[in-house]
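*Asks:*
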């Protein structure tokens with residue numbers, strides 16, 4: 319079964335292909351007005367993870383909920399994400415950056431979900 323790509327490089331299976339250059343992401347990780355400390359940290363230190371999270375509905379919802387003071391159970395319910403999915407989303411998308419990197423719990427409340 320073949321896949322069909324659109325102009326963004328997203329195929330019919332929902333997979334985004336890598337481009338030959340970084341021009342697709344140019345400017346996406348520049349800090350903007352209204353960015354939280356977590357957003358700024360992720361953009362500056364983990365641009366690929368930040369972009370991946372923003373392209374994942376669950377991750378984006380969980381990140382916003384955590385930044386607004388929600389805990390794992392509350393955010394899981396609000397975002398309609400099971401606790402195992404919540405843990406996998408945070409670990410798989412943001413894990414390198416937060417748990418082992420520069421943007422840990424002190425900067426990004428979402429990492430409290432997995433600690």
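Residue numbers (this note's numbering): 319 to 433.
Just so it is clear, CB atoms sit at the ideal spot from N, CA and C, and this is done for glycine as well.
All values reported here derive from a predicted model rather than from experimental measurement.
In whole angstroms, give me the CA-to-CA distance for residue 414 and residue 428.
*Replies:* Stepping through the chain shown from its first residue, residue 414 is reached at position 96. Stepping through the chain shown from its first residue, residue 428 is reached at position 110. Cα to Cα, residue 414 sits roughly 13 angstroms from residue 428.
*Asks:* Helix, strand or coil for residue 376? Go by DSSP, reduced to three states.
*Replies:* Position 58 of the chain shown holds residue 376. Three-state result, residue 376: helix.
*Asks:* Since residue 367 and residue 395 should fall inside the 8 angstroms C-beta cutoff, what is the C-beta to C-beta distance between them, to a whole number of angstroms?
*Replies:* For this step, residue 367 is matched to residue 49 along the chain shown. For this step, residue 395 is matched to residue 77 along the chain shown. Contact flag wrong, Cβ pair sits at about 25 angstroms.
*Asks:* For residue 353, collect the residues of the same chain with a Cβ closer than 8 angstroms to its Cβ; drop the 5 residues on either side in sequence, then sort them by chain order.
*Replies:* Taking the first residue of the chain shown as 1, we reach residue 353 at position 35. 361, listed in sequence order.
*Asks:* Buried or exposed, going by whether 16 or more other CB atoms sit within 10 Å of the CB of residue 424?
*Replies:* Residue numbering aside, residue 424 sits at position 106 when the chain shown is read from its first letter. Residue 424 is exposed by the Cβ-count criterion.
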